[in-house]
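Counted from 1, the sequence shown has number 256 at position 257 by numbering that gives the first Met the number 0; the numbering is strictly sequential. Think of the CB as a built atom: it goes at the ideal place given N, C-alpha and C, for glycine as much as any other residue. Okay, so here's the structure we're looking at.
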Amino acid sequence: MVNVIFRPLSELPIIGVSELWNQSFEGYLVPAALPLDRFIGRTASEGLSLEHSLACYVDGEAAGLVMNGFREYGGRTLAWNGGTAIKPAFRGKGIGKALMLRNLQLYEELGVVQANLEAISQNANAIRLYESIGYKQIDRLLIQSTEQPIPDMDDTYEHPFQIALGMAAEAARLPFYSAGEVWQAGLTSLKDGESVAVFDGGEAAGYALYRRTFSPDGDLTGIVLYRAEVAPGRTDAKAVLAAALHEVWQPGETCRRSAFNIRASNTALAEVLAGMGLATTMEQVLMVREM
């Protein structure tokens, strides 16, 4: 039996945490290594807690880590696993499971009521591990993109709705907004994000959350859609979504357009995005564990 001990990441120098992250994700299904400045930026922007994240050690050597974020919604504490990985030399020895079990114990100590994570769909070993400790798959998440102009949509596109543009945080005022389980689509993660609200005769009909990126010269280089929802009970969901996405995609501009972690269960949105030419480049599974 391997003897594993744990330390909070806050006890390590930040460069040590960054190096452990990169070493632990070596050989991962997708590139996950980050330079120090981007690692620090991600930790801050996603609300990851070094104090309540863990490094694990075997025979005095750092073997892996888990990074956690925590948010309060309606008096409930939710946790997000923002990355779990084990160094290649320590894989296949049960260390990942020991780390995850200690992490669940940490969640219980902190009063977490629901724990969420995402795993790449092809990562069968990780999914099996998470299921073995009580996580359940509740949805698939689609990552999509296109470099092409959006078909059948230009500046002459017309629809019967009224549009209000704002910051992402303003979406919380809409009567049907709810936080949802996709951490990076949450308003706290989208501090520099923007929103499109769609109204029908003064009644809120839908919204979209997105982020734009620009070159140093101020040219638009990319648009990423994080979420788009329609008010419950509407029979014109696709029309509402198309109106919102016309504003999001800015059809007159030339740039890369992407959609990140779109819930496959949102079938109207998935169909609208496919019709706009966005191709799925990767899928994740959304997993939840009630504590």
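Using the Cβ count rule (16 or more neighbours within 10 Å means buried), how would you classify Arg75?
Arg75 is exposed by the Cβ-count criterion.
DSSP beta-bridge partners of Cys55
Looking at the DSSP assignment, Cys55 forms a beta bridge with Phe5 and Gly63.
Secondary structure at Phe259, three-state DSSP: helix, strand or coil?
Strand, per DSSP.
Same chain, Cβ closer than 8 Å to Cys254, five either side skipped, listed in chain order:
Non-local beta-carbon contacts of Cys254 in its own chain, meaning distances under 8 Å to residues more than five positions away in sequence, involve Leu219, Thr220, Gly221 and Ile222 in chain order.
If distances are taken between C-alpha atoms only, which option among Met290, Thr280 and Ala54 comes closest to Glu146?
Measuring from the Cα of Glu146, the nearest candidate turns out to be Thr280.
Let me check understanding here. Comparing Cα to Cα, which of Leu244, Arg139 and Pro250 lies closest to Gln121?
Nearest in C-alpha terms to Gln121, of all of Leu244, Arg139 and Pro250, is Arg139.
Contained beta strand (DSSP E) runs [length at least 3] in the stretch 204–234, N- to C-terminal order
Segments of the beta strand (DSSP E) lying fully in the stretch 204–234: 219–229.
Taking 8 Å as the limit between beta carbons, can you name the residues of its chain near Tyr156, skipping five residues before and five after?
Residues His245 and Pro250 of the same chain have their beta carbon placed closer than 8 Å to that of Tyr156, with the five preceding and five following residues left out of the count.
Work out the CA separation of Ala78 and Arg70 for me, nearest whole Å.
Approximately 7 Å between the Cα atoms of the pair.
Measuring straight from C-alpha to C-alpha, what distance separates Pro87 and Val181?
Approximately 28 Å, taken between the alpha carbons.
Taking the continuous alpha helix (DSSP H) assigned at Met275, which residues delimit it?
Looking at the DSSP string, Met275 is not in any alpha helix (DSSP H), and its letter there is neither H nor E.
Can you tell me the Cα-Cα spacing of Val239 and Ala204, whole angstroms?
Taking the straight line from one Cα to the other gives about 7 Å.
Could you tell me the distance, in whole angstroms, from the CA atom of Gln136 to the CA atom of Ala273?
Approximately 23 Å between the Cα atoms of the pair.
Taking just the CA atoms, how far does Glu252 sit from Asn265?
Take the alpha-carbon of Asn265 and the one of Glu252: they are about 27 Å apart.
Per DSSP, cross-strand counterpart(s) of Asp138
According to DSSP, which records beta bridges pairwise, Asp138 is partnered with Leu285.
In three-state terms, what does DSSP make of Asn265?
Under the three-state reduction of DSSP, Asn265 is assigned to coil, being neither helix nor strand.
Skipping 5 residues on each side, what residues in its chain have a beta carbon closer than 6 Å to that of Met286?
The answer, listed in chain order, is Leu116, Tyr129, Tyr134 and Gln136.
CA-to-CA distance, Tyr225 to Asp151, given in whole angstroms
About 22 Å.
Can you tell me which of Leu98, Tyr176 and Ala118 puts its alpha carbon nearest to the alpha carbon of Leu28?
Per the Cα distances, Ala118.
What do you reckon, are the CB atoms on Ala31 and Phe24 nearer than 8 Å?
Phe24 sits close to Ala31, with the two beta carbons spaced by under 8 Å.
Is the distance from the Cβ of Gly63 to the Cβ of Val1 below 8 Å?
Contact flag unset, no.
May I have the straight-line CA-CA distance separating Glu10 from Glu50, to the nearest angstrom?
Distance between the alpha carbons of Glu10 and Glu50: 8 Å.
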